[in-house]
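Chains as they are written, first to last, in numbering that gives the first Met the number 0: chain A, 0 to 462; chain B, 0 to 633; chain C, 0 to 495; chain D, 0 to 164; chain E, 0 to 109.
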Amino acid sequence: MNAIILSAIWGIVMMFSAVFIKSKTAPKYIALAGIVLVFAANAAELYKGWLLFNFDVHGMLVAGSFNLTFIAVALGCTTMYFLLSGRDFEKTGPHVAEYFALIFFVLCGVAMCATFNTLLMLFLGIEIMSIPLYILTGSDKRNLKSNEAALKYFLMGSFSTGIMLMGIAFIYGGSPNASFYIDNIQLGVGKMPVMIAVGLVMLMVSMSFKVSAAPFHFWTPDVYDGAPTVFTSFMSTIVKVAGFFAFIRLFENSFGTIHAQWQNLVIFITLATLLIGNITAVFQQSVKRMLAYSSIAQAGFMLLALFALNVHAKEGLVLYSAAYSLATIGIFAILVKMNDYTIDGFNGLGKQQPLLAITATIFLLSLTGIPLTAGFQSKFYMLMAAVENGHSFWIVIVAVLFAAISAYYYFRIIQAMYFKEPADDIAHVWDITVAFKVLLVITAALIIILGIYPELILGWLYH
Amino acid sequence: MNNVLQIAWLIPILPLIGFMINGAGRNVLSKGISGFIGSAVVFASFLLSVYVFIQVKNGNTHVAHYFNFISVDFLKIAFDFKIDQLSSLFLLIITGVGFLIHVYSTSYMHEEPAKDFAKYFAYLNLFVFSMLILVMGANYVIMFIGWEGVGLCSYLLIGYWFKNNDYTNAANKAFIMNRIGDLGFLLAVFWLIAKAGTVSFDEVFSAATLAKLSTTDITGITLLLFVGATGKSAQIPLYTWLPDAMAGPTPVSALIHAATMVTAGIYMIARSNILYTMAPLTQGVVAIVGLTTAVLAATIALKQNDIKKVLAYSTVSQLGYMFLGLGVGAYTGAVFHVMTHAFFKALLFLGAGSVIHAMGGEQDMRNMGGLKRYMGTTHLTFLLGCLAIAGMPPFSGFFSKDEILAAAYANNPVLWGIGVITAMMTAFYMFRLYAMTFVGKFRGTHEQEHHLHESPAAITIPLIILALLAVIGGWVGIPEVFMHGGHRLEAFLEPVFEQSNAITVKHELSHATEYMLMGISVAGALIALLYAWNKFSKYEKTEVPSAGFSKLVENKWYVDEIYNAIIVQPLRSLSVFFNNVVEKKGIDGLVNGTGKAVNYGSRQLRWLQSGQVGAYVLLMVIGILVLFIIQLFL
Amino acid sequence: MGSYITFPELLIWLPLLAGILCFFTKREQSARSLALLFSLIILGISAASLFYTGTKYATWNAVIYFYPNNIGNTFFVGLDGTGRLLSFLTALAFPIIFIATYKNNYKNAASFYGLMLLTQSGLMGVFCSMDALLFYFFWELALIPVYFLCSKWGGEKRIQATFKFFVYTFTGSLLMLTGIIYVYLHTSGKVFEDGTQVAHSFALSSFYNATLSGQEQNWLFWLFFIAFAVKMPVFPFHTWQPDTYDQSPTSVTMVLSGIMVKMGLFGVVRWLIPLFPLATVKFSHIVMVLSIIGIIYASCIAIVQDNLKKLVAYSSIAHIGLMCAALFAMNQVSVQGVMLQMFNHGINIIGLWIVVDLLEKQTGVKQISKLAGVANKAPVLTILLVIIALANIALPLTNAFTGEFLMFSGLYKFNPWYAAVAGIGIILSAVYTLNMIQKVFYGNTVSTTEAIKDISWNEKFILGFIVCLIFIIGIYPQPVIDLTREAVTALVSKIK
Amino acid sequence: MNITTLSFILLSVMAVSSGIMMIRSKNPVHSILWLIVVFFSISGHYILLNAQFLAIVNIIVYAGAIMVLFLFVVMLMNLNADTEPVKNYRLQLIGVISGGSLLLVILSALMKMDSKQIVQMKVGDAGLIKNLGNVLFTNYVFPFEISSVLFLSAMIGAVIIGTKE
Amino acid sequence: MDIKAYIVLALTLFTIGIIGVLVRRNAIIIFMCVELMLNAVNLLLVAFSKMHAVSTAAKALPTFASDAQIFVFFIMVVAAAEVSVGLAIIVMLYRNTHSVDVNFLNRLKN
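This is the structure in structure tokens:
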């Protein structure tokens with residue numbers, strides 16, 4: 000609640016700052032102040048239940064400690080993101096403040112996706128998340144790739160919106176007591192009516208599209224590749240995990256009772272996602288595109304939570320969000336500084352920039368899921384949830400086999416950094432400040448800490 | 000534990016110390032010192048052995064316990080030495096003959112550089128040590144320690160001149176063939192452990208344990224042990240290493256490959272005689288294998304021209320004899336023959352060594368002849384040796400061989416018949432050797448002729464002593480028919496074999512038969528001897544390509560070639576197959592194939608991402624279609 | 000000491016600390032001596048831990064830290080007989096390696112020695128951890144530094160070889176992870192001292208008491224076994240090994256072959272057999288047959304192998320195969336033999352690698368066919384090598400003999416034919432070892448070996464030390480056997 | 000066959016056919032016009048369902064604002080028939096088939112519903128402006144407010160993307 | 000009027016929209032097809048609201064049937080916002096490439 004309103008407000012503040020402040024660097028600090036403020040407000044709500052504004056939302060938004068913790072994670076990651084990549088906004092174009100404003104609006108949508116309790120709010124939240132992203136994707140105007148990405152994203156995005164709305168309509172039509180409240184559809188436990196089934200499939204399709212799960216992932220590589228790298232970093236992490244949270248929340252609260260009836264869909268989607276994400280990533284030459292595919296692969300792992308749909312799954316999802324976002328943000332922050340986005344561009348980075356190389360290695364190990372990193376803990380929770388589910392254990396085996404494959408492409412970068420010689424001794428990276436290095440180290444440290452002591456986050460879930 | 004024999008540990012330790020000194024100080028010690036140390040330690044342990052022997056003679060046998068080697072669960076293997084009649088006898092032979100050969104070596108190896116000289120003595124001492132462990136061990140495991148130890152030493156000594164690849168090949172062959180035997184030995188031990196739960200002789204041979212073992216067990220165990228014996232004592236099918244082992248220095252051949260190591264098999268079987276007596280099947284096998292080996296080796300020896308090769312094959316054949324003895328239950332006879340054989344065969348080898356020494360390394364008898372004019376002592380002692388091995392009364396060989404033959408006859412006349420023929424062959428090739436070497440006129444080159452001389456005292460004295468023993472050595476076992484109570488050895492060894500004797504039915508031969516047997520064998524031997532003598536005393540070098548049977552024999556029945564064809568080559572090609580096909584193409588191919596498959600799949604899946612919005616949406620629609628079908632119609 | 004800080008903690012944290020220190024050293028020399036110093040200290044501690052056994056010192060040998068969490072994983076480390084033996088082997092191996100390779104120059108040595116010590120820490124953790132998740136942690140952590148060591152300082156084909164090794168083992172361990180999770184979810188709840196209660200627990204004891212039907216055990220067994228089989232490696236899973244051994248720097252190869260392969264066996268001892276007794280009994284024949292095939296197969300390949308390093312690698316596969324087979328014979332004698340042999344094999348193979356390393360450093364070739372007559376130039380080296388090699392083929396009075404003797408007698412007790420077939424390995428091992436000795440050391444010198452010098456003080460010292468160990472254990476193995484007696488008895492009792 | 004049914008059928012046919020025309024006509028301008036026809040017919044349906052508010056809004060927002068916007072853009076780019084020179088018939092066929100089969104699948108599932116539910120025609124106050132406004136500013140005030148964010152971001156989008164620099 | 004009639008109608012329009020997206024290559028037309036899809040949804044929602052209006056639950060809470068129509072209102076809101084953004088993007092692209100043919104958009108692939 001606090002987060003939604005404050006971030007919306009701060010978005011407006013950023014807009015006006017764009018009008019009144021001409022300085023290039025000022026917006027970053029305003030934005031930082033804002034994100035900290037939002038974080039604090041959210042923390043206050045989480046910790047003491049303080050509400051800054053007293054709206055009567057008629058239960059359209061329900062914020063338990065679980066949702067608030069997730070919002071906190073998202074906001075925390077955004078803070079790290081601002082700190083690490085804030086300076087690189089300028090590379091995209093002159094409208095720095097506007098970019099920040101849009102990101103705040105996205106955050107507003109994220110918060111709505113985390114707390115929605117009616118399909119209307121879900122719809123609004125997702126739209127509020129998406130529309131600014133269409134713009135951000137296209138924000139690098141002179142770059143044709145950026146334009147193309149924007150149009151593709153927009154067309155397919157609105158297409159999926161259409162599907163989603165049709166789904167909502169059928170849910171409404173099928174629900175015995177004509178309600179958009181996700182916990183009030185009243186399905187009982189028997190075989191679900193056909194209208195509900197149709198709506199469910201359509202909702203699943205559109206949500207899968209948002210979290211870039213196969214076979215609805217096609218926009219992902221192109222958009223992530225075409226969008227300005229700073230924004231790719233944002234939308235491939237926070238937005239995506241928000242989508243996941245919404246996905247789980249929706250399906251748990253509305254269709255949780257009849258889980259068994261739609262599990263096969265999830266299995267199909269999960270397998271397809273794991274397969275396409277992991278296999279296709281192997282051959283990529285551009286790190287940016289490879290990370291796009293890897294994000295699909297990670298989505299495949301997160302889908303295990305939807306497959307399991309139990310306590311561990313939800314805990315794991317929150318943890319996964321943190322681990323995955325931090326690591327990916329870190330990698331992208333380094334990638335933005337690189338001159339050459341291909342894997343060969345990383346050759347010999349270990350010599351030139353040992354610190355960057357080490358932190359990058361930690362991020363990659365976390366993405367691979369090596370113990371002592373947050374990535375391991377999150378994968379571990381996912382697997383645990385999936386095993387606990389008890390239904391079709393084999394999917395877990397398949398998942399870990401794909402995880403092994405994922406090592407293949409993550410380690411290509413590590414190998415390049417440490418074991419390959421640079422083609423020529425041109426500098427790989429530019430404007431590396433001490434502050435940047437410190438922040439990278441902090442991010443890495445966070446990942447390690449979460450890897451050793453995940454309760455740092457999980458402790459809040461049941462506060 | 001206050002038994003005086005507790006000091007038995009000194010006997011093996013002394014040579015070990017010698018080995019350490021010589022081994023460690025081989026760069027500093029002069030030849031004189033290392034030679035002296037090498038011999039002195041063995042002499043010391045010889046004296047101790049004599050003391051021990053006297054103790055035992057006075058009826059004091061003892062199992063000296065030192066420490067627990069291995070103790071797991073039910074399995075307790077103690078580091079014990081068993082001092083009884085059998086082992087003490089062997090102690091005497093080993094240390095005694097060993098000492099003489101050490102002395103001999105000091106002179107024989109004198110051309111070697113000092114450090115190799117020391118190395119040589121170190122190895123020799125190590126061998127004596129292992130051999131002593133072998134005979135003193137109070138259980139099969141300790142015995143096995145010595146068993147492999149001697150194998151190792153023979154490997155090292157055969158490969159003593161390691162620069163020559165043929166020699167090192169011979170060494171490898173010896174070791175590996177021994178390993179094959181050892182596997183048999185080990186399996187027997189494991190069988191014992193599994194069934195009897197113990198390996199110590201006293202416990203295994205105790206009536207209680209024997210009761211636990213079924214006939215199959217005993218037969219199996221004894222057969223496996225016998226496999227071990229065939230390896231160590233060069234019996235069919237594992238005998239081919241011994242002739243090649245002649246690559247080593249001659250004294251080594253004398254000590255290891257004639258007098259001591261190769262008799263380990265006999266010792267072991269004599270040690271476990273009760274088991275064998277309880278397994279008639281095995282006994283049969285032992286007898287037949289022994290006899291076959293004897294005949295085969297003898298035939299090969301007929302045509303050999305290398306002086307050492309002849310002796311080597313004769314050794315194999317004699318060992319066959321001993322196994323025949325064991326097979327027919329004449330344990331005493333076998334041990335007796337071991338002893339006498341140790342004397343005369345060592346003598347012969349050393350003599351041959353002296354000859355080779357004189358000939359400047361020449362080993363081909365066709366280039367010798369008439370040496371008796373140049374080297375009297377050697378010739379005389381050698382002659383005595385030949386007579387002894389040919390079984391001429393009253394030389395030692397006669398008694399031991401006769402005892403075995405008698406036992407064989409008692410068991411089955413056919414065995415006896417073949418035995419006699421073998422004996423005749425023995426006499427023949429020995430005197431062929433003798434005649435070609437010492438009689439006739441010299442066939443070597445002139446510088447060799449100039450070089451010819453009698454060997455120094457360090458060589459001749461051992462020869463003389465051994466000759467003496469070869470002559471009188473047999474008198475400890477004069478058969479009943481000549482002198483009542485003449486067989487002192489049998490009386491002495493009685494306690495060792497009493498269990499067996501208790502259960503074997505002794506069919507006494509009438510005196511007449513015995514005389515008849517002796518007569519025939521001696522006569523046969525004599526005929527062969529004389530025939531060989533006058534055939535080869537006037538031998539001339541003639542290059543007649545031999546054919547038919549003789550060719551077969553000359554090429555040692557092609558046994559090496561056969562083994563090579565049916566074992567070595569297949570193994571090699573199998574390995575190559577494994578390495579090149581199964582490993583590289585098969586398993587590793589599979590592993591790498593997975594990686595390749597992933598790469599390929601990756602390259603193909605990328606085309607799905609065509610970049611066309613239309614195509615994307617189309618695929619999405621198809622995806623939706625699939626989901627609907629799954630949900631609504633499956 | 001005592002309840003404040005325990006042996007396992009010291010053994011895990013000291014190397015970690017030292018490793019981190021090493022990373023920050025500037026000069027190569029200082030890194031090297033720091034590593035050596037610490038490894039010696041650790042050796043001392045580990046040696047001390049051998050004496051403070053028994054319930055009297057229980058508080059010195061085990062400790063558990065739990066932090067408030069809802070899945071009940073703890074930092075629970077302890078030393079039992081097996082762990083003690085292997086941690087001692089680890090502690091022993093590293094100083095040996097450091098001294099033996101003291102003269103090697105590594106470019107940026109700081110990180111090299113740092114990673115080495117991190118590896119040691121990981122290994123110690125594997126051998127000490129009493130908590131399944133912790134075990135998995137260390138299992139992976141031991142792998143990562145090795146991966147970097149091999150790919151950074153290895154031979155020319157290092158990257159592919161090492162990566163193959165990594166993916167191979169990583170896949171295996173991930174499968175094990177799923178297995179661990181499954182078992183975890185079938186453990187009973189647990190209440191910690193501080194009152195936090197968890198539905199399930201990763202503690203060793205809870206795992207041992209997990210309720211698993213025979214059906215479940217059947218496939219869980221394989222999930223675990225594959226991970227361990229890859230590490231060991233057992234026959235069909237071994238192909239990473241020769242390449243890796245060949246390509247990685249020798250000091251790392253020593254770690255791999257001396258200690259890491261023991262992780263697999265250790266895993267079987269600590270987890271596989273106690274967790275799935277029924278499945279173990281059910282599948283022991285399959286496993287043993289695989290192992291025995293491995294023995295013959297690897298030995299055969301070793302015979303025709305021309306690459307010295309690969310020869311040693313294959314011989315190692317053969318030996319491990321024997322240990323694995325003996326382990327699954329599951330009787331006191333055989334398992335005791337395995338324990339003994341794990342230690343011996345570690346010592347011997349490290350010795351072998353040292354010699355191989357010397358030859359490669361001096362001649363620059365590792366093809367047997369290119370070497371000859373080394374004995375002429377380097378007699379001392381030859382003698383030591385021959386002794387170690389003979390120990391490797393289990394000659395009596397060397398350490399390996401006692402181990403193999405026990406293993407074989409146990410194996411024979413289980414099934415005579417297995418013992419007989421595996422026995423062929425004894426012969427084959429003699430074949431390839433003697434061939435190697437003959438080709439490399441005997442005969443006349445060739446161009447490559449002309450310049451060889453005999454070994455220097457540190458190598459002489461280390462090899463001498465190894466040889467002494469070989470003989471001491473060979474003549475009086477009892478102390479080593481006693482060290483693991485209770486552990487083995489407990490293990491064997493699980494099957495009965 | 001009362002007037003309601005008749006008009007329903009009439010409007011439906013009109014909607015569908017002009018929809019088809021929309022996607023078939025070469026000239027973008029034509030398809031826009033066809034789409035407007037569709038919207039009008041849908042508004043007709045709203046009136047038929049007595050959802051007066053939506054009928055109005057639909058005309059104003061869609062047919063009025065949005066479509067004009069479209070028309071404006073098309074004019075601006077003066078796109079005409081030859082913007083899609085080469086047509087790939089096979090691709091189009093595939094598109095039609097897959098879309099059609101999707102429709103068939105869903106319908107075949109839905110038509111199996113036995114429950115015969117009736118839609119209230121012409122009467123009912125749910126769709127009256129009074130009620131809707133009432134609900135909108137009581138229950139739905141929060142979403143109403145928050146949807147402003149959408150327009151704000153759309154505005155910024157216009158700023159970022161539209162402005163020339 | 001039976002609800003099925005409306006379902007058929009709405010789905011038909013919806014499908015027409017989808018097919019349009021599939022077969023057309025002009026970005027604007029594709030976008031219009033999406034709008035058509037949205038309208039189909041609107042129609043269906045209204046139909047459903049009137050369907051529920053006569054169902055038993057209607058008596059309990061008189062205003063609830065209007066939920067769906069409010070939803071339709073919000074859909075229109077969102078659509079409006081989307082249109083502005085979408086057209087902006089299309090215009091931007093047209094500026095750079097002088098084409099709105101989506102088939103020419105294939106710089107990003109594989």
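For glycine and all other residues, C-beta sits at the position ideal for the given N, C-alpha and C. Please read these numbers as outputs of a predicted model, since none were measured by experiment.
Beta carbon of residue i nearer than 9 Å to that of residue j
i: A/ALA304; j: A/SER235; result: no
i: B/GLY418; j: B/GLU361; result: no
i: A/MET383; j: A/GLY315; result: yes
i: C/TYR183; j: C/LEU132; result: yes
One or two residues paired with residue i in a DSSP bridge
i: A/SER285; result: A/THR341
i: C/GLN196; result: C/VAL190
i: C/ASN306; result: C/GLN366
i: B/GLY476; result: B/HIS486
i: C/LYS163; result: Looking at the DSSP assignment, C/LYS163 forms no beta bridge with any residue, so it has no partner.
i: B/HIS61; result: B/ILE82
Delimiting residues of the alpha helix (DSSP H) encompassing residue i
i: B/SER316; result: 306 to 326
i: C/ASN398; result: 398 to 413
i: A/LYS47; result: 25 to 47
i: A/LYS378; result: 373 to 388
Residue i - containing beta strand (DSSP E), residue span
i: C/GLY77; result: 74 to 77
i: A/VAL437; result: It is not in any beta strand (DSSP E) - A/VAL437 instead sits in the alpha helix (DSSP H) that spans 433 to 451.
Interface residues of chain D facing residue i [CB-CB closer than 8 Å]
i: A/VAL238; result: Result: empty, since nearest Cβ-Cβ is about 14 Å, beyond 8 Å.
Under 9 Å from the C-beta of residue i: neighbouring residues of chain B
i: C/VAL332; result: VAL71, ASP72, PHE73, LEU74 and ILE192
Next on the checklist: Across the segment 302 to 313 of chain C and the segment 218 to 228 of chain C, are there enough close Cβ pairs to call them in contact, namely three or more that are closer than 8 Å?
Outcome noted: no
Checklist entry - Using 8 Å as the Cβ pair cut-off and three pairs as the minimum, do the segment 29 to 37 of chain E and the segment 158 to 168 of chain A touch? => result In short, these stretches touch, since the Cβ pair count reaches three.
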